[in-house]
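Letter by letter, the sequence shown follows residues 285 to 499 of our numbering. The beta carbon of each residue, even a glycine, is placed where N, CA and C say it ideally should be.
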Amino acid sequence: MAGAGQRNMGMSVREQAIREHRAAMLNCSKCSAMVGPVVSGSPVLSPIVLIGQAPGEREGQFGKPFAWTAGKTLFGWFESIGIGEQQFRSRVYMAAVCRCFPGKNANGGDRVPSLEEISNCAGWLKAEVDLLKPALILPVGKLAIAQLMPVQKLTDVIGKRHSVDFHGHHCEAIPLPHPSGASTWHRTEPGRSLLAAALRLLAAHSAWRSLKNEC
């Protein structure tokens, strides 16, 4: 049987590091109120990091982020500018503010993670930024956007390209609205036009173009 050294021949130090990081993260159990399992995208080295808010109740059973109805909308946006779901998942590192399902509120909606839960998961996100040193971050939804920049209204930040310092790393960010079917923001004006502007900026970005060249 091949040893670990032989199995990892041809794998770069960074590839090994991101795989080990993901394996450790999948075993995290810091937050007692969160509902497992930990949900993570593929351990790919990418110039782009997508940051979601937190998985929904369906994502755990599929073992990947944006695996349900919101994902269909999100990947539809990306397909409209040249990269389909399979290509996106294999070429973009998909992270999140929190990696477990927060559970439901009494009113039936998804619970917003607490500040302590967000802080617990921030270490994983920092490690990913340190490893990947992305050229571009795509924060999806207000909670994710707020980790990178002040945001009172989505209309103030979506449709623009931002220069950010995130966990000590300087890069650019193009915020996107959350693709939830419960939200009308991205389907009504001015949200619809601002989303279209954000997607045009994304399509023109050198990091996105580099991914398309791999397809």
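Can you tell me which of the three DSSP states Arg291 falls into? Unreliable positioning characterises Arg291 in this predicted model, as indicated by a pLDDT of 43, which lies under 50. A coordinate reading is not provided.
Could you tell me the alpha carbon to alpha carbon distance between Ala488 and Ile365, rounded to whole angstroms? Going from the Cα of Ala488 to the Cα of Ile365 covers about 9 Å.
Report buried or exposed for His462, applying the criterion of at least 16 other Cβ atoms within 10 angstroms of its Cβ. Buried: at least 16 other Cβ atoms inside 10 Å.
Starting from Glu400 and walking both ways along the beta strand (DSSP E), at which residues does that stretch end? No beta strand (DSSP E) holds Glu400; the alpha helix (DSSP H) holding it covers 399–416.
Close-in-space but distant-in-sequence residues of the same chain around His446 (CB under 8 Å, 5 per side omitted): Shown here for His446: same chain residues with a beta carbon closer than 8 Å to its own, the five before and five after excluded, namely Leu432, Met433, Glu456, Ala457, Ile458, Pro459 in chain order.
Around the C-beta of Gly465, are 16 or more other C-beta atoms found within 10 angstroms, so that it is buried, or is it exposed? Under this definition Gly465 is an exposed residue.
Less than 8 Å between the beta carbons of Gly344 and Gly320, yes or no? Taking 8 Å as the Cβ cut-off, Gly344 and Gly320 qualify as a contacting pair.
Using the Cα positions of Phe350 and Glu341, report the straight-line distance between them to the nearest angstrom. In this model, Phe350 and Glu341 are separated by some 11 Å (Cα to Cα).
Thinking just about the alpha-carbon of each residue, which of Val424, Arg303, Gly475, Ser330 is nearest to the one in Lys496? Ranking the options by Cα distance to Lys496, first place goes to Ser330.
According to DSSP, simplified to helix, strand and coil, what is Met285? In this prediction, Met285 scores a pLDDT of 41, lower than 50, which makes its location untrustworthy; the coordinate-derived value is nonetheless stated afterwards. Note: Met285 maps to coil in three-state DSSP.
Assigned secondary structure, Ser490 (DSSP; H/G/I helix, E/B strand, else coil): In the structure shown, Ser490 sits in a helix (DSSP, three-state: H, G or I).
Using CA atoms only, rank isn't needed, just tell me which of His451, Leu486, Val413, Leu438 is closest to Pro474. It is Leu438 whose Cα lies nearest to the Cα of Pro474.
Glu330, DSSP secondary structure in three states: The question names Glu, yet the displayed sequence has Ser at residue 330. Note: Ser330 maps to coil in three-state DSSP.
Please go through the same chain and pick out, in chain order, the residues whose beta-carbon is closer than 7 Å to the beta-carbon of Leu478, but skip the five residues on each side of it. Same-chain partners within the cutoff: Thr439, Ile442, Gly443.
Cα-Cα separation, Ser494 to Thr472: As the crow flies, the alpha-carbon of Ser494 is around 31 Å from that of Thr472.
Does Met295 pass the burial test, meaning 16 or more other C-beta atoms within 10 Å, or should it be called exposed? With fewer than 16 other CB atoms across the displayed protein chains lying within 10 angstroms of its CB, Met295 is exposed.
How big is the Cα-Cα spacing for Cys384 and Pro327? If you draw a straight line from the Cα of Cys384 to the Cα of Pro327, it is about 17 Å long.
Let's see if you can read the secondary structure: which residues bound the beta strand (DSSP E) around Phe450? Element bounds for Phe450: 446–450.
Look at the alpha carbon of Pro418 and the alpha carbon of Ile402, and state the distance between them as a whole number of angstroms. Across the structure, Pro418 and Ile402 are spaced so that their CA atoms are roughly 21 Å apart.
Classify His454: buried if its beta carbon has 16 or more other beta carbons within 10 angstroms, exposed otherwise. Counting Cβ neighbours within 10 Å, His454 comes out exposed, since fewer than 16 surround it.
Distance, Cα to Cα, Glu412 vs Arg476? Each residue's alpha carbon lies about 31 Å from the other.
Candidates Leu416, Leu485, Val435, of which the one nearest Gly452 by Cα: Considering only Leu416, Leu485, Val435, the residue with the shortest C-alpha distance to Gly452 is Leu416.
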